[in-house]
Amino acid sequence: DTEVTQTPKHLVMGMTNKKSLKCEQHMGHRAMYWYKQKAKKPPELMFVYSYEKLSINESVPSRFSPECPNSSLLNLHLHALQPEDSALYLCASSQSAADNYGYTFGSGTRLTVV
Amino acid sequence: AQSVTQPDIHITVSEGASLELRCNYSYGATPYLFWYVQSPGQGLQLLLKYFSGDTLVQGIKGFEAEFKRSQSSFNLRKPSVHWSDAAEYFCAVGVTGGGNKLTFGTGTQLKVEL
Numbered sequence: 001d002t003e004v005t006q007t008p009k010h011l012v013m014g015m016t017n018k019k020s021l022k023c024e025q026h027m028g029h030r031a032m033y034w035y036k037q038k039a040k041k042p043p044e045l046m047f048v049y050s051y052e053k054l055s056i057n058e059s060v061p062s063r064f065s066p067e068c069p070n071s072s073l074l075n076l077h078l079h080a081l082q083p084e085d086s087a088l089y090l091c092a093s094s095q096s097a098a099d100n101y102g103y104t105f106g107s108g109t110r111l112t113v114v
Numbered sequence: 115a116q117s118v119t120q121p122d123i124h125i126t127v128s129e130g131a132s133l134e135l136r137c138n139y140s141y142g143a144t145p146y147l148f149w150y151v152q153s154p155g156q157g158l159q160l161l162l163k164y165f166s167g168d169t170l171v172q173g174i175k176g177f178e179a180e181f182k183r184s185q186s187s188f189n190l191r192k193p194s195v196h197w198s199d200a201a202e203y204f205c206a207v208g209v210t211g212g213g214n215k216l217t218f219g220t221g222t223q224l225k226v227e228l
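Top line first, the protein sequences correspond to chains A and B. If you count by the numbering used here, then the first sequence holds residues 1 to 114, one letter each, in order. If you count by the numbering used here, then the second sequence holds residues 115 to 228, one letter each, in order.
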């Protein structure tokens with residue numbers, strides 16, 4: 001299995017809703033990442049998990065809450081989002097966060113906040 | 115801090131023609147360099163990567179890239195473009211000890227004319 005699977009593919013949520021994005025990989029990778037990509041822009045790093053521990057938080061607002069329950073699974077919990085948070089949310093994984101192996105990306109969750 | 119510049123926002127080539135996409139980086143030491151491709155609404159796929167050694171790197175789908183330290187460049191090339199190559203291309207840089215955090219360029223949108 002050489003894939004990163006993200007669910008759901010599309011999500012529409014209100015500003016008072018609570019929702020979660022899910023990411024799963026079975027490649028034995030020990031680092032997982034959340035990126036945010038606005039239309040016509042490059043991906044921007046949000047969080048890095050290394051060996052199931054949060055290692056990098058790029059000053060992301062607390063309405064985004066990551067969770068790594070095990071080495072194969074990464075969640076992003078969403079609460080009280082704003083319309084400007086609408087974007088493509090990409091999950092990625094790599095063998096390790098200790099060096100630059102390059103990522104395997106999922107196909108993303110297209111989030112619309114109304 | 116490291117940075118990446120992709121000078122060309124849009125490039126149009128005819129099918130069968132050669133392609134070169136430009137990427138310039140800024141970093142004091144030898145960086146880790148990557149090219150990713152993104153089709154509309156999809157995640158990013160790794161085309162190739164450079165860590166060290168041979169400065170000409172071969173990737174998937176017939177792409178190659180050449181690292182030129184003197185020019186701080188890592189340009190992507192393909193000798194004959196296919197219509198299916200139309201996509202957004204991102205150059206990215208990582209640095210030693212950077213926690214596998216990648217910084218992406220702004221991307222180049224490739225259009226292929228039949």
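Note that the Cβ used here is the ideal one computed from N, Cα and C, for glycine as well. Note that the structure is predicted; figures quoted are calculated from it, not measured.
Counting the other CB atoms within 10 Å of its CB gives B/Lys175 a total below 16, which places it among the exposed residues. Among the residues of chain A, none has a CB under 9 Å from the CB of B/Asn189; the nearest is roughly 18 Å distant.
A Cβ-Cβ separation of about 24 Å leaves B/Val207 out of contact with B/Pro154 under the 8 Å criterion. Taking A/Met13 as the centre and dropping the five residues before and after it, the same chain places the C-beta of Lys19, Leu78, Leu81, Leu111, Thr112, Val113, Val114 closer than 8 Å to its C-beta, in chain order. Within its own chain, the residues whose Cβ lies closer than 8 Å to the Cβ of B/Asp122, once the five positions on either side in sequence are excluded, are Leu135, Arg136, Thr222, listed in chain order.
One alpha carbon belongs to A/Ser72, the other to A/Phe105, and they sit about 14 Å apart.
In this structure the stretch 57-67 of chain A does not lie against the stretch 174-188 of chain B, because fewer than three pairs of beta carbons, one per stretch, are closer than 8 Å. Beta-bridge partners assigned by DSSP to A/Pro69: none are found.
Check the Cα spacing between B/Tyr164 and each of B/Asp199, B/Ala115, B/Leu190: the tightest is with B/Leu190.
With contacts defined as CB atoms closer than 8 Å, B/Tyr150 and B/Gln159 qualify as a contacting pair. At a cut-off of 8 Å between beta-carbon atoms, A/Phe105 makes contact with chain B.
The stretch 128-180 of chain B is shown to contain no whole alpha helix (DSSP H) run of 4 or more residues. Distance from the Cα of A/Leu88 is smallest, within the candidate group A/Ala98, A/Trp34, A/Asn17, for A/Trp34. In this structure, the CA atom of A/Lys41 is about 31 Å from the CA atom of B/Gly167. For A/Tyr49, no Cβ of chain B is located within less than 8 Å of the residue's own Cβ. A/Tyr51 counts as exposed, since fewer than 16 other beta carbons sit within 10 angstroms of its beta carbon.
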